[in-house]
Amino acid sequence: MQEILITEGLSKSYGGVHALKDFNFAVKPGEIHCLVGENGSGKSTFVKIVVGAISPDRGEIILNGHRYPRLSPIQAIHEGIQVIYQDLSLFPHLSVAENIAINRLIAQGRRWVDQREIKNTAEEQLTKIGISLDLSLPVEELSTANKQIVAICRALSLDAKLLFMDEPTTALTKVEVDRLLSIVMELKQKGLSVVFISHKLNEVFEVADIITILRDGRKVGDFKPQDLDYKTLTFHMTGRKVEYPRYQRQIEDNTPLLEVKNLSRKGNFENISFQLYPGDVIGLIGLLGSGRTELALSLFGLNPPDSGQIYVKGQPVKIDSPFIARRFGIGLLPEDRQTKGLFLKKSVEENISVTLLEKIVSKLGVIRKKIKRLYSIQATEKMRIVVPDVETTVQNLSGGNQQKTIFARWAMTDPSIFILDSPTVGVDVGSKAEIYELIQSFAAKGVGIILITDEMPELIANCNKALVLRNGQVVAELSEKDLSSPDVSGRIQLLMSTNGNNRHSRKREEV
């Protein structure tokens with residue numbers, strides 16, 4: 055069977071640094087080919103070359119038997135290549151139907167818009183993957199999962215033969231991930247080839263026919279998934295042994311840093327109660343709509359509760375703004391770092407120093423630049439942020455270094471309570487290990503941490519307690535002993551998704 059894509063000796067350098075070197079790659083029709091590697095390994099450079107966004111320094115691309123020393127984007131599209139980027143690149147104010155059909159309209163050079171044809175095109179593509187959406191709804195009103203569906207359908211509308219998917223499940227819940235992976239498998243059955251790029255190695259093992267590993271711009275090898283295990287794969291990706299040690303609370307102080315009693319917010323969560331002690335890492339886990347992120351925002355003053363009480367270090371408090379939350383020593387790493395956590399076009403220094411104004415501003419209201427620079431350098435070194443200098447723009451950092459920039463911002467304020475919402479989303483395995491180390495080092499110093507996660511291994515490795523949320527209520531409280539149980543993952547999955555007793559009428563559920 056002739057390969058749909060072959061690359062021979064692809065190389066690309068920037069300023070003497072090899073982003074990609076002598077890379078050979080091949081994809082067969084109807085194959086799911088997973089491409090894995092740490093940030094900076096060359097994955098993005100490879101994709102940009104194949105879709106015609108940049109030219110290689112040397113090497114050849116063979117598409118459907120046609121040889122190209124370099125490709126233009128138009129040539130790539132004509133050869134059946136489509137890419138779904140992490141940001142999806144949709145038009146938020148246009149409808150579902152218009153977003154699906156727009157690429158075909160542009161490719162045909164159409165001047166006039168036929169709404170009936172747009173609708174028919176959208177329905178045809180949605181039918182291919184067995185999904186129904188409201189075609190008139192603006193895309194900005196869709197969930198991230200359904201935006202992914204629109205992006206896939208848009209690619210299919212141009213008769214895609216080879217689909218590149220770059221971190222497609224980053225912002226999805228477990229249920230949404232399962233649906234997306236099911237769609238990917240259906241596309242494979244229909245003969246479409248998929249290059250699947252992901253840091254979530256469990257998903258790679260689930261869908262891959264073949265796995266190609268990149269490290270430092272060079273190909274490590276091609277592997278069948280059955281010939282690899284998680285440890286071997288991460289070793290090939292990083293060149294080192296990556297381990298996630300279990301956290302164990304050592305601090306004996308049993309005076310609560312934070313106590314929440316019967317906290318409720320209509321439509322989000324109801325009667326939430328728990329205590330957070332020094333050195334605790336309490337996990338919050340639940341499906342979409344469980345109320346976990348909304349609870350985090352309430353504790354940080356962004357989503358004030360309707361009723362209930364919050365105590366900080368034994369004192370009743372009202373937290374109705376992030377400013378007040380900060381005064382009480384509460385920090386937040388938000389769910390979406392790029393839109394809610396960082397100033398992407400600002401430098402690392404500017405991003406770190408936003409919480410340090412009282413330290414860097416003089417009595418006359420003037421920013422003391424030398425002190426600001428000193429604090430920023432100290433923070434980057436402390437958090438081991440890999441960056442040429444603190445003047446580097448944050449949007450140019452890897453996902454892991456962006457997350458560590460937010461850690462650095464709060465580390466300089468000496469928080470006593472740190473809320474982390476999905477802290478390892480979109481980061482590679484090496485950065486994930488570093489972030490786990492940061493979480494556990496904060497906790498070891500007595501910081502109380504609330505960790506919101508979709509990943510069961512992340513919960514088990516880092517938390518000494520956990521709350522399982524469903525429909526805005528706590529349905530189970532897990533102790534350290536519970537989290538050590540060999541069947542805890544399956545039990546938590548069941549608790550998250552099963553209809554059952556609510557918290558008003560039950561005793562604590564043991565797992």
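Our numbering puts the first residue of the sequence shown at 55, with every later residue one more than the last. Here a beta-carbon is modelled for each residue, glycine too, at the ideal position from N, C-alpha and C. Quick caveat, the model's predicted, so the values are computed rather than measured.
*asked:* What does the alpha-carbon distance come out to for the pair G184 and F397?
replied: Your numbering for residue 184 matches position 130 in the sequence shown. Your numbering for residue 397 matches position 343 in the sequence shown. So the two alpha carbons sit approximately 39 Å from each other.
*Which one or two residues does DSSP pair with Y139 in a beta bridge?*
Here the question's residue 139 lines up with position 85 in the sequence shown. Bridge partners of Y139: none, in fact.
*Report the option in S538, A225, V408, L312 whose CA atom is closest to the CA atom of P370.*
As a working mapping, residue 370 is identified with position 316 in the sequence shown. It is L312.
*Going by CA-CA distance only, name the one from C88, G84, Q129 that's closest to V104.*
As a first step, residue 104 is located in the sequence shown; it is residue number 50 there, counting from the start. Measuring from the Cα of V104, the nearest candidate turns out to be Q129.
*Just the C-alpha distance for I471 and S533, rounded to the nearest angstrom, thanks.*
Looking up residue 471 in the sequence shown gives position 417. Looking up residue 533 in the sequence shown gives position 479. So the alpha carbons of these two residues sit roughly 20 Å apart.
*asked:* By alpha-carbon positions, which one of T288, K399, A155, I406 ends up nearest to L387?
replied: By one-based count along the sequence shown, residue 387 stands at place 333. Taking only the C-alpha atoms, the option nearest L387 is I406.
*With DSSP collapsed to three states, give me the class of C31.*
The structure shown does not extend to residue 31, since the chain is modelled only from 55 to 565, so the question has no answer here.
*Local conformation of D36 per DSSP, three classes*: As shown, the chain starts at 55 and ends at 565. That puts residue 36 outside it, with no answer to give.
_Beta-bridge partners of S361, as assigned by DSSP_ = Residue 361 sits at position 307 when you count from the first residue of the sequence shown. Its beta-bridge partners are S318.
_Of the residues K535, L523, S538, the one placed nearest L548, counting alpha carbons only_ = Here residue 548 corresponds to residue number 494 of the sequence shown, with the count starting at 1. Selected option, being the one with the closest Cα: L523.
*Who does T61 pair with in a DSSP beta bridge?*
The residue given as residue 61 occupies position 7 in the sequence shown. DSSP, once it has assigned bridges, lists F79, I115 as partnering T61.
_Sub-8 Å separation of C207 and I154 beta-carbons_ = For the purposes of this step, residue 207 is identified with residue 153 of the sequence shown, where counting begins at 1. For the purposes of this step, residue 154 is identified with residue 100 of the sequence shown, where counting begins at 1. Taking 8 Å as the Cβ cut-off, C207 and I154 qualify as a contacting pair.
*Rounded C-alpha distance that separates K535 from K201*: Working through the sequence shown from its first residue, we reach residue 535 at position 481. Working through the sequence shown from its first residue, we reach residue 201 at position 147. One C-alpha to the other measures close to 40 Å.
*For the stretch 252–268 against the stretch 85–104, are there 3 or more C-beta pairs whose distance is under 8 Å?*
yes
_4 or more residues per run - each alpha helix (DSSP H) lying fully within the stretch 334–411_ = 346–353, 376–381, 402–407
*asked:* Within the continuous alpha helix (DSSP H) that includes R170, where are the two ends?
replied: Within the sequence shown, the letter at position 116 stands for residue 170. Element bounds for R170: 169–182.
*What does a CB cutoff of less than 6 Å around N455 pick up in its chain, not counting 5 residues either side in sequence?*
The sequence position of residue 455 within the sequence shown is 401, counting from 1. Cβ neighbours of N455 beyond the five flanking positions: I439, V440.
*Output the residue ranges of the alpha helix (DSSP H) runs that lie fully inside the stretch 457–527 and measure 4 residues or longer, sorted by chain position.*
483–498, 510–516
*Hey, would you say I364 sits closer than 8 Å to L330, going by beta carbons?*
Position 310 of the sequence shown, counted from the start, is the residue given in the question as residue 364. Position 276 of the sequence shown, counted from the start, is the residue given in the question as residue 330. It is not a contact, given that the beta carbons lie outside the stated cut-off.
*Whose CA, out of I421, K228, I305, T181, lies closest to the CA of L341?*
The residue you call residue 341 lines up with position 287 of the sequence shown. Looking at the Cα atoms, K228 is the closest of the given residues.
*Which whole-angstrom value is the C-beta distance of A515 and R300, which I expect to be below 8 Å?*
Walking along the sequence shown from the start, residue 515 turns up at place 461. Walking along the sequence shown from the start, residue 300 turns up at place 246. That belief holds up - the Cβ atoms of A515 and R300 are roughly 6 Å apart, short of 8 Å.
*Nearest-angstrom Cα distance between S352 and P358?*
Here the question's residue 352 lines up with position 298 in the sequence shown. Here the question's residue 358 lines up with position 304 in the sequence shown. Their Cα atoms are separated by approximately 5 Å.
*Taking 8 Å as the cut-off, decide whether the C-beta atoms of G119 and Q169 are in contact.*
Counting from 1 along the sequence shown, the entry for residue 119 is found at position 65. Counting from 1 along the sequence shown, the entry for residue 169 is found at position 115. Taking 8 Å as the Cβ cut-off, G119 and Q169 do not qualify as a contacting pair.
*Alpha-carbon spacing of K499 relative to T467, whole angstroms*: The sequence position of residue 499 within the sequence shown is 445, counting from 1. The sequence position of residue 467 within the sequence shown is 413, counting from 1. Their Cα atoms are separated by approximately 14 Å.
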